[in-house]
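Colleague: The opening residue of the sequence shown carries number 1 in the UniProt record's numbering; numbering runs sequentially from there.
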Amino acid sequence: MQPFIVIRDHREDDELKCQELVRDYVMSFATKSFYCFCFREITLQFIVITWALLFIFLGVPLIFCALTIPGCIFFLFLGTYSSFYAKAVEHIRLKPSTKSLVAECYEPFIFRCSPNEASYDIFMEKAPYENDFLRKFRRKIVATVSVKNHNAVYNAAFIYRFAIAPLYPHQKIMEPMISLVSKNCVNAGFATLECTVSEWQESERDFYDSLGFATRQIYHKQIIGSSLTVMKTQMTYNLRTDDVLQKQN
């Protein structure tokens, strides 16, 4: 049986699965960011300062001072994991809007193929099959996205609470979801669609570029002063095309 994915509106009973998906999606960047932070200048400074404090002021032997290296790396890992977990909890607590969408995957109960090797059919709103046939599949929420009014940009919608399961075809799932989000935003009267991606979300940033999003600004969000920052990219998509303006006139 051919697996398929249905992109539909968010329902109330989807919330628990969506929260788990959002948590796993945010935490998936923790390891990558930890390796990146290990080679930041502030990490080396922290190791050197800790080493100097132990050796000069506390009189710890030089050999034992070398333990500051794994100790600092451990605290760096703990801090990175804790910050991402706090960010995941923050995203989970955000309530989905009425314009939220989910991608529900239907796979056979005995499905030995990896998601990145399988071919999925995409359906909008509802699968064109009978209920008896649908009972032969297991269901899983593999993507979710919500849209709300932008707090800083006039007449703009903002993409938030986005998450997608690993190994599943991102391009094939995200493209119809964002297209439907754009269509709903046009019907709601928004002029632009905004989103923000971090330096870890390379595939998402490339996807938005290919879809026609333009980079509004690139900035560095401070975590520990100017020594530890995360690069953020704010992207925008113009919803007021010539065809839409002609229809409104």
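Here a beta-carbon is modelled for each residue, glycine too, at the ideal position from N, C-alpha and C.
Computed from a prediction, not measured in an experiment: that's the story for all the values here.
Where in the UniProt domain "N-acetyltransferase" (92 to 240) do unbroken runs of the alpha helix (DSSP H), each at least 4 residues long, occur, reported from the N-terminal end onward?
Modeller: Listed in chain order, the complete alpha helix (DSSP H) runs (minimum 4 residues) inside the UniProt domain "N-acetyltransferase" (92 to 240) are 131 to 134, 170 to 187 and 202 to 211.
Colleague: Given a cut-off of 9 Å, decide if C18 and I178 are closer than it, judged by their beta-carbon atoms.
Modeller: Numbered from 1 along the sequence shown, position 178 holds the residue referred to as residue 178. Numbered from 1 along the sequence shown, position 18 holds the residue referred to as residue 18. Not in contact: I178 and C18 (Cβ atoms no closer than 9 Å).
Colleague: What whole-angstrom Cβ distance do S28 and T80 have, given they're in contact under 8 Å?
Modeller: The sequence position of residue 28 within the sequence shown is 28, counting from 1. The sequence position of residue 80 within the sequence shown is 80, counting from 1. Actually they do not touch by this definition, with Cβ atoms about 13 Å apart.
Colleague: From R205 to L193, what does the alpha carbon distance come to, in whole angstroms?
Modeller: Taking the sequence shown and counting its residues from 1, one reaches residue 205 at position 205. Taking the sequence shown and counting its residues from 1, one reaches residue 193 at position 193. Each residue's alpha carbon lies about 14 Å from the other.
Colleague: The beta strand (DSSP E) with V60 in it runs from where to where?
Modeller: The residue given as residue 60 occupies position 60 in the sequence shown. No beta strand (DSSP E) holds V60; DSSP gives it neither H nor E.
Colleague: Can you grab the Cα-Cα spacing for the pair I218 / T236, in whole Å?
Modeller: Start at 1 with the first residue of the sequence shown, and residue 218 comes out as number 218. Start at 1 with the first residue of the sequence shown, and residue 236 comes out as number 236. Each residue's Cα considered, the two are about 12 Å apart.
Colleague: Taking C-beta to C-beta, are M231 and K136 nearer than 9 Å?
Modeller: Working through the sequence shown from its first residue, we reach residue 231 at position 231. Working through the sequence shown from its first residue, we reach residue 136 at position 136. Their beta carbons are not under 9 Å apart, which means M231 does not touch K136 by this criterion.
Colleague: Look up R23 in the DSSP assignment and say whether it is helix, strand or coil.
Modeller: On the sequence shown, position 23 is the one that residue 23 refers to. The answer is helix: DSSP assigns R23 an H, G or I state.
Colleague: Indicate whether V147 and S97 have their beta-carbon atoms separated by less than 9 Å.
Modeller: Here residue 147 is taken as the residue at index 147 of the sequence shown, counted from 1. Here residue 97 is taken as the residue at index 97 of the sequence shown, counted from 1. Yes, they are a contact pair.
Colleague: Run through DSSP, which three-state label would F4 get?
Modeller: Translated into positions along the sequence shown, residue 4 becomes position 4. In this structure, F4 counts as strand in the three-state DSSP scheme.
Colleague: From V48 to Q201, what does the alpha carbon distance come to, in whole angstroms?
Modeller: Numbered from 1 along the sequence shown, position 48 holds the residue referred to as residue 48. Numbered from 1 along the sequence shown, position 201 holds the residue referred to as residue 201. Cα to Cα, the separation comes out at about 31 Å.
Colleague: Cα separation between C113 and I56?
Modeller: Position 113 of the sequence shown, counted from the first residue, corresponds to residue 113. Position 56 of the sequence shown, counted from the first residue, corresponds to residue 56. Distance between the alpha carbons of C113 and I56: 59 Å.
Colleague: So, are the CB atoms of V145 and I159 less than 9 Å apart?
Modeller: Walking along the sequence shown from the start, residue 145 turns up at place 145. Walking along the sequence shown from the start, residue 159 turns up at place 159. Yes, the Cβ-Cβ distance between V145 and I159 is below 9 Å.
Colleague: Here's a check: name, in chain order, each residue in its chain whose Cβ is nearer than 7 Å to the Cβ of I73, leaving out the five neighbours to either side.
Modeller: To locate residue 73, count along the sequence shown from 1; it is residue 73. The answer, listed in chain order, is C38.
Colleague: Given a cut-off of 9 Å on the beta-carbon distance, is the pair V89 and H10 in contact?
Modeller: Your numbering for residue 89 matches position 89 in the sequence shown. Your numbering for residue 10 matches position 10 in the sequence shown. No, the pair does not count as a contact, with Cβ atoms beyond the cut-off.
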